[in-house]
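Let me begin by presenting the structure, written as C-alpha cells, before commenting on it.
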Amino acid sequence: MKRRLMDLLACPIDKYYPLELYVFEEKVGIVEGMIVCPK
0 MKRRLMDLLA CPIDKYYPLE LYVFEEKVGI VEGMIVCPK
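Just so we're aligned: 20 in numbering that gives the first Met the number 0 is position 21 of the sequence shown, and the numbers increase by one with no gaps anywhere.
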C-alpha cells in the first residue's frame, strides 16, 4: 500500500476521516500495518 491512499480512506462504519495508520514493515510501500478508526 502507498501512504497517499490514506487520503482516500474513511471508516466504513461512521465515515470518520482521517484514519490512523500503524506501520509494522515498510519497503517501497507499506508491507504490513494496521489502519484504525480513532473514534
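Ideal placement from N, C-alpha and C gives every residue a C-beta, glycine not left out. Given the structure is predicted, the values throughout are model-derived calculations rather than measurements.
Looking at C-alpha atoms only, which residue of Gly28, Phe23, Asp6 is the closest neighbour of Tyr15? Asp6
Does the CB of Lys1 have a neighbour CB from chain C at under 8 Å? Absent from the structure is chain C; it holds one protein chain and no more.
Out of curiosity, what's the CA-to-CA distance linking Met29 and Leu20? Checking the sequence shown, residue 29 turns out to be Ile, not Met. Answer to the nearest angstrom: the Cα atoms are 10 Å apart.
I'd like the list of long-range same chain contacts for Leu18, defined as Cβ closer than 8 Å, with 5 residues on each side in sequence excluded. Met5, Leu8, Ala9, Cys10, Ile34, Val35, Cys36, Pro37
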